[in-house]
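Numbering (this note's numbering), first residue to last: 41 to 483.
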């Protein structure tokens with residue numbers, strides 16, 4: 041296969057999770073014309089062999105996400121100097137991001153998200169001056185955002201969420217005029233939100249929630265006229281809600297909850313006609329709630345009081361997260377789309393296509409009868425997953441009045457549990473979740 045230039049094995053079941061799954065890569069080093077190598081979502085186990093560094097120097101795309109690969113990322117990967125897309129997301133890689141990654145100067149998309157990577161983000165990341173999309177979320181990265189990141193002037197998407205990053209958010213963030221998506225949520229960033237954030241004229245989504253940010257919310261955010269989603273919850277912001285927010289005419293989601301904000305709710309926010317979700321709960325706001333405009337038809341309340349409908353909604357979203365392994369803020373969703381809609385549209389025929397593939401991993405067949413009954417077992421597993429997703433969708437409806445009653449939720453879950461246990465799929469690691477209501481475990 042010396043003339044092979046495109047090898048697409050994606051979304052099959054070729055792997056068994058075994059340590060030897062990826063040995064076939066050794067045989068591809070003679071494919072000198074190989075440009076695209078895709079083995080996404082196959083359940084491949086083992087480590088990424090060092091022979092990966094000896095693949096064709098013409099290789100443009102290496103897509104290895106959503107497998108069960110362990111070990112470290114080989115530093116020799118820097119030999120693949122013509123890579124434009126390199127994705128290892130949703131695996132079990134550990135260790136640090138190799139410094140040699142900075143030699144991939146043609147890279148446009150780099151996705152190492154949802155692994156077990158640790159250590160700092162290497163300063164060499166600043167050498168990736170052609171990169172558009174950088175996904176490092178859901179790892180164990182620590183340290184600060186390297187100052188060299190300012191050299192990535194064409195960056196459009198930056199996701200560093202759900203790590204252990206610290207320090208201030210660099211003022212140089214204002215240099216990224218092409219940025220449309222920033223997610224720094226669930227870290228330990230400190231200090232103020234830079235005023236320079238207002239220079240991001242193309243920004244559509246900003247999420248800095250669940251950090252340790254303080255000071256006033258910068259009024260310059262009002263200059264981000266294309267902003268559609270703004271998440272500032274779970275910080276220590278103080279002062280008033282900036283009146284400049286009334287300039288965000290396209291804003292759909294605004295979450296300022298769980299801060300130390302004071303003063304009144306600006307009446308001008310009522311003119312934000314596209315606003316669907318406003319959360320101002322758990323602050324020190326005073327005065328009256330505006331009654332005009334959008335305030336009469338918002339999805340969430342603005343007080344600190346907990347409601348049963350809100351709890352049901354949160355439960356539904358959690359259930360859909362567990363089934364799909366995607367958060368509502370996942371990069372998979374474009375602006376205006378939601379996890380609820382994504383799952384609702386998949387019911388019932390495409391449920392198996394969108395659930396986390398790790399929920400479907402088979403345990404070894406130990407008896408002939410098991411093999412004969414395999415199709416029946418799979419059908420019942422599919423039935424369970426569909427039923428769970430129906431509950432998740434019903435609980436996460438936009439309108440509180442349309443959400444499922446919690447008593448019906450419990451009844452439905454108990455019924456599913458009986459079927460679930462009846463087909464023997466409750467043990468081992470095949471289904472990496474527990475039925476909601478008995479506790480949850482996160483991948």
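Glycine included, C-beta positions come from ideal geometry on N, C-alpha and C. Nothing here was measured: the structure is a model prediction, and the numbers come from that model.
Exposed or buried, which one is residue 70 when buried takes at least 16 other CB atoms within 10 Å? Taking the first residue of the chain shown as position 1, residue 70 is located at position 30. Residue 70 counts as exposed, since fewer than 16 other beta carbons sit within 10 angstroms of its beta carbon.
Cβ neighbour criterion (16 or more within 10 Å) applied to residue 224: By one-based count along the chain shown, residue 224 stands at place 184. Residue burial is scored here from C-beta neighbours: residue 224 has at least 16 other C-beta atoms within 10 angstroms and is therefore classed as buried.
Distance check for residue 80 and residue 51, CA to CA, integer angstroms please. Translated into positions along the chain shown, residue 51 becomes position 11. Translated into positions along the chain shown, residue 80 becomes position 40. Looking at the two C-alpha atoms, the distance is approximately 6 Å.
Kindly identify the DSSP beta-bridge partner or partners of residue 295. Locating residue 295 in the chain shown gives position 255, counting from the first residue. Residue 295 pairs with 271 and 319.
At what residues does the beta strand (DSSP E) containing residue 301 begin and finish? Residue mapping note: residue 301 aligns to position 261 of the chain shown, counting from 1. Bounds of the beta strand (DSSP E) holding residue 301 are 300-303.
Starting from residue 394, trace the beta strand (DSSP E) in both directions and tell me its first and last residue. The sequence position of residue 394 within the chain shown is 354, counting from 1. Judged by DSSP secondary structure, residue 394 falls outside any beta strand (DSSP E) and instead within the alpha helix (DSSP H) spanning 391-394.
Mind checking residue 445: buried by the 16 CB within 10 Å criterion, or exposed? Here residue 445 refers to the residue found at position 405 when the chain shown is read from its first residue. It counts as exposed.
Same chain, Cβ closer than 6 Å to residue 174, neighbours up to 5 away in sequence not counted: On the chain shown, position 134 is the one that residue 174 refers to. Closer than 6 Å at the Cβ level, and outside the excluded window around residue 174, lie 150 and 198.
Delimiting residues of the alpha helix (DSSP H) encompassing residue 380: For this step, residue 380 is matched to residue 340 along the chain shown. Here the alpha helix (DSSP H) through residue 380 covers 379-386.
According to DSSP, is residue 211 part of a helix, a strand, or is it coil? Walking along the chain shown from the start, residue 211 turns up at place 171. It is helical.
Environment of residue 320 [buried if 16+ CB atoms lie within 10 Å]: Here residue 320 corresponds to residue number 280 of the chain shown, with the count starting at 1. When all chains shown are included, residue 320 counts as buried.
Tell me whether residue 481 sits in a helix, a strand or coil according to DSSP, three-state version. Stepping through the chain shown from its first residue, residue 481 is reached at position 441. Legend: pLDDT at residue 481 = 34, less than 50; position of this residue unreliable, no value from coordinates given.
Where residue 103 falls: helix, strand or coil (DSSP): Here the question's residue 103 lines up with position 63 in the chain shown. Three-state result, residue 103: strand.
By alpha-carbon positions, which one of 74, 152, 108 and 160 ends up nearest to residue 122? For the purposes of this step, residue 122 is taken as the residue at position 82 of the chain shown. Of the residues 74, 152, 108 and 160, the one whose Cα lies closest to the Cα of residue 122 is 74.
Let me know if residue 395 comes out buried or exposed under the rule of 16 or more other beta-carbons within 10 Å of its beta-carbon. As a working note, residue 395 is residue 355 in the chain shown. The residue in question, residue 395, is buried, as its Cβ has 16 or more Cβ neighbours within 10 Å.
Straight-line Cα distance separating residue 124 from residue 135: Start at 1 with the first residue of the chain shown, and residue 135 comes out as number 95. Start at 1 with the first residue of the chain shown, and residue 124 comes out as number 84. If I take the Cα positions, the gap works out to 23 Å.
Going straight from the alpha carbon of residue 419 to that of residue 113, what length do you get? In the chain shown, residue 419 corresponds to position 379, counting from 1. In the chain shown, residue 113 corresponds to position 73, counting from 1. Near 38 Å, if we compare the C-alpha coordinates of residue 113 and residue 419.
What's the gap between the Cα of residue 163 and the Cα of residue 192? Sequence index remark: in the chain shown, residue 163 carries index 123 (1-based). Sequence index remark: in the chain shown, residue 192 carries index 152 (1-based). Residue 163 and residue 192 have their alpha carbons spaced roughly 12 Å apart.
For residue 309, does the three-state DSSP call read helix, strand or coil? To locate residue 309, count along the chain shown from 1; it is residue 269. Residue 309 falls in the helix class under three-state DSSP.
Taking the alpha carbon of residue 161 as the reference point, which residue from 442, 205 and 318 has its own alpha carbon closest? Along the chain shown, read from residue 1 onward, the residue named residue 161 stands at position 121. Checking every option, the nearest Cα to that of residue 161 belongs to 205.
Using only the alpha-carbon positions, how far apart do residue 59 and residue 87 sit? Taking the first residue of the chain shown as position 1, residue 59 is located at position 19. Taking the first residue of the chain shown as position 1, residue 87 is located at position 47. Distance between residue 59 and residue 87, taken at the CA atoms: about 7 Å.
Own chain, CB closer than 6 Å to residue 103, minus 5 neighbours either side, in chain order: Residue mapping note: residue 103 aligns to position 63 of the chain shown, counting from 1. Correct list, in chain order: 78, 80 and 127.
By a C-beta neighbour count over all protein chains shown, 10 Å radius and 16 as the cutoff for buried, is residue 53 buried or exposed? Start at 1 with the first residue of the chain shown, and residue 53 comes out as number 13. Exposed: under 16 other Cβ atoms inside 10 Å.
Can you round the beta-carbon distance between residue 397 and residue 83 to whole angstroms, since I take them to be within the 8 Å contact cut? Walking along the chain shown from the start, residue 397 turns up at place 357. Walking along the chain shown from the start, residue 83 turns up at place 43. Sure, about 7 Å apart at Cβ, within 8 Å.
Per DSSP, which one or two residues make a beta bridge with residue 505? Here the chain covers residues 41 to 483 and nothing more, so residue 505 does not appear.
Using only the alpha-carbon positions, how far apart do residue 248 and residue 98 sit? Stepping through the chain shown from its first residue, residue 248 is reached at position 208. Stepping through the chain shown from its first residue, residue 98 is reached at position 58. Roughly 38 Å between the two C-alpha positions.
DSSP state of residue 187 mapped onto helix, strand, coil: Counting from 1 along the chain shown, the entry for residue 187 is found at position 147. In this structure, residue 187 counts as helix in the three-state DSSP scheme.
Contact defined as beta carbons within less than 8 Å: I believe residue 181 pairs with residue 158. What is the distance between those atoms, to the nearest angstrom? The residue you call residue 181 lines up with position 141 of the chain shown. The residue you call residue 158 lines up with position 118 of the chain shown. That pair is a contact at about 7 Å.
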